[in-house]
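Q:
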Amino acid sequence: MPFTPIHLGPGAVFKALGGRHFSFMVFGGTQVLMDIEPLVGILQDKDILHGYTHTLLGALIIGALAGFIGKPISSMVLKWRSIPHYPLTWLASFVGAYVGSFSHIILDAIMHADMSPWWPIASGNPLLGIVSTDYLDLSCLLAGVIGALIIAVRFKTHGRT
Numbered sequence: 001m002p003f004t005p006i007h008l009g010p011g012a013v014f015k016a017l018g019g020r021h022f023s024f025m026v027f028g029g030t031q032v033l034m035d036i037e038p039l040v041g042i043l044q045d046k047d048i049l050h051g052y053t054h055t056l057l058g059a060l061i062i063g064a065l066a067g068f069i070g071k072p073i074s075s076m077v078l079k080w081r082s083i084p085h086y087p088l089t090w091l092a093s094f095v096g097a098y099v100g101s102f103s104h105i106i107l108d109a110i111m112h113a114d115m116s117p118w119w120p121i122a123s124g125n126p127l128l129g130i131v132s133t134d135y136l137d138l139s140c141l142l143a144g145v146i147g148a149l150i151i152a153v154r155f156k157t158h159g160r161t
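In this note's numbering, the protein residues as written are 1 to 161.
(1) Do the CB positions of residue 51 and residue 98 come within less than 8 Å of each other?
(2) For residue 13, I'd like the list of residues in its chain whose CB is within less than 7 Å of its CB, leaving aside the five on either flank, ordered along the chain.
(3) Between the region 42-62 and the region 128-135, do at least 3 Cβ pairs fall closer than 8 Å?
(4) Is the separation between the beta-carbon of residue 126 and that of residue 55 shorter than 8 Å?
(5) Along the chain, where does the alpha helix (DSSP H) containing residue 25 start, and where does it finish?
(6) In three-state terms, what does DSSP make of residue 38?
(7) Just how far apart, CA to CA, sit residue 38 and residue 84?
(8) Is it buried or exposed for residue 45, if we count other Cβ within 10 angstroms and need 16 for buried?
(9) Would you mind working out which of 86, 49 and 114 sits nearest residue 155, comparing C-alpha positions?
(10) Would you grab the beta carbon distance between residue 103 and residue 26 for me? Rounded to a whole angstrom, and I think it's under 8 Å.
(11) Please list the terminal residues of the continuous alpha helix (DSSP H) segment that includes residue 47.
(12) For a quick check, are the C-beta atoms of residue 128 and residue 6 less than 8 Å apart?
Now the structure itself:
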């Protein structure tokens, strides 16, 4: 299923670790950008849903795009919603974007046989099935809970994330 929210779990941990140097909003937007190709593939009934965007090269390109558009869009949304936060820097935007795009291909490679994540360096998918999909989903969910708890404590203590 494209646009799976379970990918956000690890992003919460990265936000908890990176604080103001990691944009969770850009990370989330990158997850959506990564899954446009599978969505189009589903709509067109294609056999391969996770093609070029789900490779090292695709993650590099989508990460760059997400980093550039993520900062102005996220800044606007945070201001519009009056959400307290540190100023969103270009560094935080690009860290969120690249962590988002590269973690996405790793997570998807574990569960999708139609991927060749290391292209153009290598073909095939050596990550396929290294853990069960249930274990992967549970790990992402647990990461989200742990990250959210750390962020909540930090927010309560400092008033921003």
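For every residue, glycine included, the Cβ atom is placed at its ideal position computed from N, Cα and C.
A: Considering the structure as presented:
(1) By 1-based counting over the sequence shown, the position of residue 51 is 51. By 1-based counting over the sequence shown, the position of residue 98 is 98. Their beta carbons are not under 8 Å apart, which means residue 51 does not touch residue 98 by this criterion.
(2) As a first step, residue 13 must be located in the sequence shown, where it is residue number 13. Within the same chain, 143, 146 and 147 come within 7 Å of residue 13 by CB-CB distance, once the 5 residues on both sides are set aside.
(3) Segments in contact, no.
(4) Taking the first residue of the sequence shown as 1, we reach residue 126 at position 126. Taking the first residue of the sequence shown as 1, we reach residue 55 at position 55. For residue 126 and residue 55, no; Cβs fall outside 8 Å.
(5) Residue 25 sits at position 25 when you count from the first residue of the sequence shown. For residue 25, the uninterrupted alpha helix (DSSP H) run begins and ends at 24-34, by DSSP.
(6) For the purposes of this step, residue 38 is taken as the residue at position 38 of the sequence shown. Reduced to three states, the DSSP call for residue 38 is helix.
(7) The residue you call residue 38 lines up with position 38 of the sequence shown. The residue you call residue 84 lines up with position 84 of the sequence shown. When rounded, the separation of the alpha-carbon atoms in residue 38 and residue 84 is 34 Å.
(8) Translated into positions along the sequence shown, residue 45 becomes position 45. Sixteen is the threshold: since fewer than 16 other Cβ atoms of the shown chains lie within 10 Å of the Cβ of residue 45, the residue is exposed.
(9) Position 155 of the sequence shown holds residue 155. When C-alpha distances from residue 155 are compared across 86, 49 and 114, the shortest belongs to 86.
(10) Walking along the sequence shown from the start, residue 103 turns up at place 103. Walking along the sequence shown from the start, residue 26 turns up at place 26. Wrong, their Cβ atoms sit about 13 Å apart, outside the cutoff.
(11) On the sequence shown, position 47 is the one that residue 47 refers to. Per DSSP, residue 47 belongs to no alpha helix (DSSP H) and is neither H nor E.
(12) Here the question's residue 128 lines up with position 128 in the sequence shown. Here the question's residue 6 lines up with position 6 in the sequence shown. Taking 8 Å as the Cβ cut-off, residue 128 and residue 6 do not qualify as a contacting pair.
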